[in-house]
Every structure is written in C-alpha cells, then in structure tokens.
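Chains as they are written, first to last, in the numbering used here: chain A, 70 to 266; chain B, 70 to 266.
For glycine and all other residues, C-beta sits at the position ideal for the given N, C-alpha and C.
One structure is given here, and the rest of the page talks about it.
There are 2 protein chains.
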Amino acid sequence: MDRRQQKTRAAIFSAFSALLSRKRYDKITVQDIIDEANVGRTTFYAHFQTKDDLLKETCTDIFEHVISGSLMMEGSHDFSLSGGSPQAVLTHILYHLRDSKKNIIGILSCESGDLFLQYFKTYLNRLLSQWIPQPQQPPLSGVPREFLIDHVSGSFVNMVQWWIRNNLRQAPEELSGYFWAVTGPILEGQPSNIQSL
Amino acid sequence: MDRRQQKTRAAIFSAFSALLSRKRYDKITVQDIIDEANVGRTTFYAHFQTKDDLLKETCTDIFEHVISGSLMMEGSHDFSLSGGSPQAVLTHILYHLRDSKKNIIGILSCESGDLFLQYFKTYLNRLLSQWIPQPQQPPLSGVPREFLIDHVSGSFVNMVQWWIRNNLRQAPEELSGYFWAVTGPILEGQPSNIQSL
DNA sequence: TATGTTATCATACATATTGTTCTATATTGA
DNA sequence: TCAATATAGAACAATATGTATGATAACATA
C-alpha cells in the first residue's frame with residue numbers, strides 16, 4: 070500500500086471521528102467528510118464504497134483494537150484470558166475505552182453511539198462465551214447459557230453507555246466493582262452462598 | 070380532528086410499520102411512505118414535520134400503550150403497580166409486545182430495532198425507578214441506585230432483543246423467569262440470604 | 001536520477017431525495 | 001346547502017449521491 074493511501078485513509082478516519090462527535094451519523098454527508106479530511110470526492114470513493122462501509126471499518130478497527138489490546142490472542146480466531154481475571158480484563162477494557170488516542174469515547178458519545186455499541190457487543194459476546202460456564206445451581210441452573218452470555222455482554226455495553234452519559238465520573242475500577250456486583254453470580258459460575266441442598 | 074385526518078394518520082402509521090419490516094429506517098424515503106400509504110406528498114408534510122418526527126410519534130404511540138396497558142396510571146405522570154408484582158407486570162409487558170395488533174415485534178425486529186428499543190428503555194426507566202430501592206447490603210450496597218435502575222431496564226430491553234433473535238421461542242413466563250434469575254437480587258431489594266452483619 | 005505506475009484532485013454530470021408552493025378537487029361538519 | 005379545510009397532483013429549488021473525465025502530483029523501483 071502506497072504512503073499516500075495510508076495518509077488518506079487516516080485523514081478520512083480522523084475526519085469521520087471528528088464529525089461524529091458533532092453530528093449524528095445519518096446527518097453527516099460525504100461532502101462533510103471530504104471537506105473535513107481535505108480529500109477529493111473521487112478519492113473517498115476509491116477507499117470506501119459507501120458511507121456505511123466507512124462506518125463498519127471504523128468499528129472493526131476500534132473494537133478489535135480495544136479487545137485484543139486487553140487480551141492475548143490464541144489460536145486462529147479465539148480469545149482467551151492472558152492470566153488476568155475476568156474482572157481485571159474488564160477493567161483494562163474500560164481504561165482502553167477512556168484513554169484511547171482514537172477518541173473512542175467521542176464516537177460512542179455521539180448520537181449514533183448505539184450503532185457502534187452494537188458492534189462492540191458482538192466482540193464482547195465472543196469474549197464472554199469463553200468465561201461463562203453453564204450454571205449448575207438455582208436460581209441460574211435452568212437458564213440457557215446463551216441467554217446469560219448475551220445478558221452479561223449487554224450489561225457491559227449498557228454500563229458503558231451509562232458511564233458516558235455521566236461524563237466518565239467513575240474510575241474504571243469503581244465501575245468494574247458495580248459490574249461485578251450485578252453480574253458476579255453469573256461470571257463466578259455460582260453465587261458465593263452455596264447452600265448445599 | 071377530521072375523519073379524513075384520522076384515516077390519513079392511520080394509513081401513514083401502517084405504511085411506515087409495513088416498510089420498516091422490509092427496509093432499514095434510514096433507507097426508507099418519504100416517497101416510499103406516501104406511495105405505500107397512498108397519500109399525497111403535501112398530506113404527509115401536513116401531518117409530520119419530518120421522517121424523524123414520524124418515527125418519534127410511532128414510538129411514543131407504541132410504548133406508551135404497552136406500558137400503560139400493563140399498569141394503572143396514577144397521579145399526573147407517574148406509574149405505579151396495579152396490584153401485581155413486578156414479575157407479573159413484566160410478564161404482562163412481554164405478552165403485550167408479542168400479541169399486539171400493531172405488529173410491535175415486526176417493528177422491533179427490523180434493522181432499525183435499536184432505535185425503537187432506545188425509546189422503550191426510556192419508558193422502562195420511569196417504570197423501574199419506582200420499584201428499585203437503594204440496597205442496604207453487600208454486594209449491592211455501594212452501588213448507586215441510578216446505575217441499578219439503568220442496569221435493570223437495559224437488561225430487559227436486551228432480553229427482548231435476544232427473544233426476537235430467537236424467534237420468540239420462549240413463553241413470556243419462561244422469559245420472565247430468566248429475567249428474575251439474573252435481576253432478582255436487585256428487584257427484591259436484597260438477595261434472600263440475609264446474613265445480618 | 002530517470003521512468004512507468006498510480007493515487008490524487010477538480011470539475012462536471014445524471015440521478016434521487018427533501019421540503020415547499022401552488023392550484024384544483026373532494027370531503028367534512030353545521 | 002355552504003363555508004371551511006384536508007387532500008392530490010404537479011412543479012420547484014436545494015441538496016446529496018455516486019460516477020466519469022482529464023490533468024497533476026507522488027510514489028516505487030531500477
């Protein structure tokens with residue numbers, strides 16, 4: 070790939086991200102993007118087929134980075150814990166979200182944030198499906214594992230939304246504590262009050 | 070209000086709902102809507118300022134109906150339980166969603182479902198804020214009440230999405246049971262294992 | 001450095017969507 | 001019956017999309 074292409078791509082991603090923090094996704098025009106990025110119309114369409122395409126690539130780029138940056142890759146396409154506990158990994162992800170140079174929070178804060186969080190959740194589902202066992206005891210024993218996985222990743226994404234609405238007032242560790250308080254029994258496999266019988 | 074206006078409004082709502090089950094919201098044009106509804110362009114704009122306006126009114130219409138249909142209204146703008154337990158009310162809401170003549174599931178199933186569920190969550194937040202007490206005991210005692218409310222309503226909406234993705238395979242009662250399994254400790258106020266101190 | 005390749009820009013263009021304005025017609029409520 | 005008004009249809013300016021063209025500049029390589 071040409072140096073020019075890399076530069077252009079970066080300029081477009083950056084312009085797109087900047088626009089998203091000011092405008093709703095579906096109100097952003099291609100003209101807005103190419104003006105902000107200082108690239109020609111033809112150039113934009115040489116890199117991305119449509120605006121939706123740009124969106125999709127942006128999401129993949131960001132979340133693949135966030136999650137794999139908090140984990141070690143193993144095998145061809147699976148994630149696994151890199152020694153840390155689930156709690157530590159989740160805290161790490163929160164730090165990543167907050168401190169990324171890519172202005173992730175800016176993107177998630179925008180009026181189209183839901184769109185991105187949907188992609189985010191897809192990644193989390195893959196991640197969590199490795200951590201969550203089929204529970205053996207009530208009250209969770211009758212609940213399908215897929216439901217629990219979806220519930221936990223949905224809760225995480227929901228928490229991030231809440232965090233952003235509150236201007237990131239909580240420290241990642243604190244937030245991680247909240248998350249543990251509401252999902253601990255699921256992630257631990259079982260609540261700590263194992264009352265045999 | 071004129072009979073004609075009522076009829077026109079109904080035709081537009083119906084056409085919009087039908088289109089949503091085939092097409093993504095932002096790919097639907099005003100032309101599509103007025104063709105499907107068999108109304109003139111002028112007429113559409115006499116009823117709704119923009120397409121977004123139509124969306125908003127559609128959501129308000131649906132969710133106000135779903136929630137108030139499962140509750141008794143009380144006071145000016147607050148909800149309260151109509152005798153039933155939270156569990157019973159939630160089950161009722163699930164029935165409502167599934168069996169409504171307004172094809173709610175059709176709308177929520179569409180590619181823009183997230184958009185609607187966002188509105189749904191707003192209503193649920195109002196509802197749940199009346200049921201959820203500030204917890205007094207670990208592990209929930211240090212967690213802000215607003216977080217818990219948002220977590221529970223987010224989990225409900227998330228569950229509905231999951232339900233739809235699975236083609237409504239579970240009965241509302243069964244689903245309600247899952248929900249209780251993962252949020253019970255919060256809705257009950259405290260987990261049942263009250264270990265004083 | 002010289003050279004062929006290719007990414008870029010600016011412009012123009014056909015097409016499609018939006019929201020407004022106008023007039024004529026049809027329906028309504030009294 | 002009749003005045004009020006909701007509607008349809010068409011035309012319209014303004015804006016957005018995606019494509020095509022030719023000229024220019026930056027690149028990789030030898």
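Around the beta carbon of Gln230(B), a 10 Å sphere encloses 16 or more other beta carbons of the protein chains shown; the residue is thus reported as buried. Within the same chain, Cβ atoms closer than 7 Å to the Cβ of Arg78(B) are found at His116, the five residues on either side in sequence being excluded.
Under the three-pair Cβ rule at 8 Å, the segment 85 to 100 of chain B counts as touching the segment 178 to 188 of chain B.
Taking a contact to require three or more Cβ pairs closer than 8 Å, the segment 195 to 210 of chain B and the segment 233 to 251 of chain A qualify as touching.
The continuous alpha helix (DSSP H) containing Val226(A) extends over residues 214 to 234. With respect to chain A, the C-beta atom of Val251(B) has a partner C-beta closer than 8 Å. A buried status is given to Gly223(A), since no fewer than 16 other beta-carbon atoms sit within 10 Å of its beta-carbon.
Contacts with chain B at 8 Å (Cβ-Cβ) include Gly223(A). Look at the beta carbons and you see the segment 96 to 115 of chain B touching the segment 81 to 88 of chain B: at least three pairs across the two are nearer than 8 Å.
Within chain A, not a single residue places a beta-carbon under 7 Å from that of Phe132(B); the smallest gap is close to 17 Å.
Neighbours of His165(A) across chain B, judged by C-beta separation under 7 Å, do not exist; the nearest C-beta is about 21 Å away. If only complete runs of 4 or more residues are kept, the segment 84 to 111 of chain A shows the alpha helix (DSSP H) at 99 to 106, in order along the chain. Annotation: Cβ neighbours of Val212(B) in chain A (cutoff 9 Å, chain order): Gly246, Tyr247, Ala250, Val251.
DSSP places Gly138(B) outside any alpha helix (DSSP H), giving it a letter other than H or E.
Nearest in C-alpha terms to Pro204(A), of all of Phe185(A), Val221(A), Thr119(A), Arg214(A), is Arg214(A). Boundaries of the alpha helix (DSSP H) harbouring Phe185(B): 182 to 197, taken from the DSSP string. Within chain B, the residues Trp249, Ala250, Gly253 have their CB atoms less than 8 Å from the CB of Pro208(A), given in chain order. Proximity of chain B to Asn227(A) at the Cβ level (cut-off 8 Å) is accounted for by Asp219, His220, Gly223, Ser224, Asn227, in chain order. Separation of the CB atoms of Phe113(B) and Ile102(B) is rounded to 7 Å, and the pair is thereby assigned contact status at 8 Å.
Nearest to Val221(A) by C-alpha distance, out of Asp71(A), Ile136(A), Leu244(A), Ile255(A), is Ile255(A). Note on geometry: alpha-carbon atoms of Asp121(A) and Pro202(B) lie some 43 Å from one another. In this model, Asp168(A) and Val135(B) are separated by some 41 Å (Cα to Cα).
Leu244(B) is the residue among Leu244(B), Asp71(B), Arg72(B) whose C-alpha sits nearest the C-alpha of Tyr164(B).
With contacts defined by Cβ atoms closer than 8 Å, Ile174(A) and Ile233(A) form a contacting pair. Counting the other CB atoms within 10 Å of its CB gives Thr160(B) a total of 16 or more, which places it among the buried residues. Under the Cβ distance rule, Asp183(B) counts among the residues neighbouring chain A, one pair being separated by less than 8 Å.
For Gln75(A), there are no CB contacts under 7 Å within the same chain when 5 residues up- and downstream are skipped.
For Gln118(B), the nearest beta carbon of chain A is not closer than 8 Å to its own beta carbon. Distance from the Cα of Asp183(A) is smallest, within the candidate group Ala80(B), Ala84(B), Asn227(B), for Asn227(B).
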